[in-house]
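Okay, so the sequence shown: first residue is 2 according to the working numbering, each after it adds one. I have placed the structure first, in the form of structure tokens, so that the comments after it can refer back to it.
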Amino acid sequence: MRVVIFTNGDYKDEAFYREVLKGGDFIICTDGGGNYLRRWGIRPNLIVGDMDSISPEALEGFKRDGVDVRIFPKDKDYTDTHLAVIEALKLSPSEVLILGGIGTRLDHILGNLHLLFFLFKRSVKARLLNEFYEARVISQGESSFEIWGDKVSILPLTQEVEFEGSEGLRWPLYNLTLRLENPIGISNEPTSPNFKVKVKRGVAFLFQVKEG
2 MRVVIFTNGD
12 YKDEAFYREV
22 LKGGDFIICT
32 DGGGNYLRRW
42 GIRPNLIVGD
52 MDSISPEALE
62 GFKRDGVDVR
72 IFPKDKDYTD
82 THLAVIEALK
92 LSPSEVLILG
102 GIGTRLDHIL
112 GNLHLLFFLF
122 KRSVKARLLN
132 EFYEARVISQ
142 GESSFEIWGD
152 KVSILPLTQE
162 VEFEGSEGLR
172 WPLYNLTLRL
182 ENPIGISNEP
192 TSPNFKVKVK
202 RGVAFLFQVK
212 EG
């Protein structure tokens, strides 16, 4: 099961998000994200959050439609997106896709990236995605990816990440060690429709970035 989490954010490319949402088996909406879904005529399976940013009209409309709405206190330990991830895990998903989550608050962006690690530690495949960026966690072993963007960046999550090699990248990763304090894995470039990365040791973020 693929669970799509639709966070509060700024969604300019409606067609892009509609297409991604169509691929979800279960849609969890966080708070203000419901304003967009209501406008687009898309019904989520679940809405979670403290409801401080969704409009009363959108919230009441979803309630009338029978959408499961779970309201949490504003003063809480977890962000709305974290709450959505916890709910997603209850469904035993094969993949969790977090849409949006890359806004103007750096602390929220970093928190959402760490939710990818939270899911990784629970053996759930996960991505953070908007129309310009895709982020995921990679670890020991060989991983293959379809080209999604113009640039590929890799940043360590552990103190060191050792690579055995790569295929389809302009600057190969053979016997490369990335260190947390020395972020030299930014702005690599794919050279074929698919690329591979082989990690010997450690955990890292892999980003694909669309330019322009």
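Glycine included, each C-beta is placed from N, C-alpha and C at the ideal position.
Which residues DSSP lists as bridging residue i, in chain order
i                 : result
glutamate 135     : Leu130 and Gln209
valine 5          : Ile28 and Leu98
arginine 39       : According to DSSP, which records beta bridges pairwise, arginine 39 is partnered with nothing at all.
leucine 92        : DSSP output for leucine 92 lists no bridge partner at all.
phenylalanine 196 : Phe146
glycine 50        : Ile72
arginine 180      : Glu161 and Asn183
proline 191       : Leu170
Option nearest residue i by Cα separation, candidates the options
i                : options                           : result
phenylalanine 27 : Val97, Gly50 and Gly62            : Val97
glycine 101      : Gly142, Arg44 and Asp32           : Asp32
leucine 111      : Glu132, Leu156 and Glu20          : Leu156
glycine 186      : Asp108, Pro194, Leu60 and Leu170  : Leu170
histidine 83     : Asn9, Asp66 and Leu22             : Asn9
aspartate 151    : Phe133, Lys64 and Ile87           : Phe133
cysteine 30      : Phe17, Asn195, Glu20 and Asp51    : Asp51
glutamine 209    : Trp149, Glu168, Gln160 and Leu158 : Trp149
arginine 3       : Ile72, Ile99, Pro74 and Arg19     : Ile99
glutamate 161    : Ser188, Phe196 and Ala205         : Ala205
leucine 90       : Ser54, Phe119 and Glu147          : Phe119
leucine 114      : Val138, Leu92, Glu58 and Pro94    : Val138
lysine 211       : Trp172, Glu135 and Asn183         : Glu135
serine 193       : Glu165, Glu147, Pro184 and Leu174 : Glu147
asparagine 189   : Glu61, Ser154, Glu163 and Leu158  : Ser154
aspartate 69     : Asp78, Leu47, Ser93 and Leu60     : Leu47
valine 1         : Leu207, Leu22, Phe164 and Phe7    : The shown model of the chain, from 2 to 213, leaves out residue 1, and the question about it has no answer.
Residue i, DSSP secondary structure in three states
i                 : result
leucine 20        : Position check: residue 20 holds glutamate in this sequence, whereas leucine was assumed. In the structure shown, glutamate 20 sits in a helix (DSSP, three-state: H, G or I).
asparagine 113    : helix
isoleucine 155    : strand
arginine 123      : coil
isoleucine 55     : coil
isoleucine 87     : helix
arginine 171      : coil
glycine 33        : coil
phenylalanine 164 : strand
arginine 202      : strand
aspartate 81      : helix
aspartate 11      : coil
aspartate 108     : helix
glycine 62        : helix
C-beta neighbour in chain D for residue i, strict 8 angstroms
i          : result
glycine 62 : Looking at the structure shown, chain D is missing, and only one protein chain is on hand.
Buried versus exposed, by CB contacts within 10 Å (16 or more), residue i
i              : result
glycine 25     : buried
tyrosine 18    : buried
aspartate 81   : buried
proline 74     : exposed
asparagine 131 : buried
glycine 67     : exposed
glycine 42     : exposed
serine 167     : buried
glutamate 20   : exposed
glutamate 15   : exposed
tyrosine 12    : buried
isoleucine 72  : exposed
isoleucine 55  : buried
Counting Cβ pairs closer than 8 angstroms, one from the segment 137–153 and one from the segment 191–204, do we hit at least three? The segment 137–153, when compared against the segment 191–204, does touch it at the 8 angstroms Cβ threshold.
Should the segment 118–135 be regarded as contacting the segment 174–185, the criterion being three or more beta carbon pairs within less than 8 angstroms? At 8 angstroms Cβ cutoff, the stretches do not touch.
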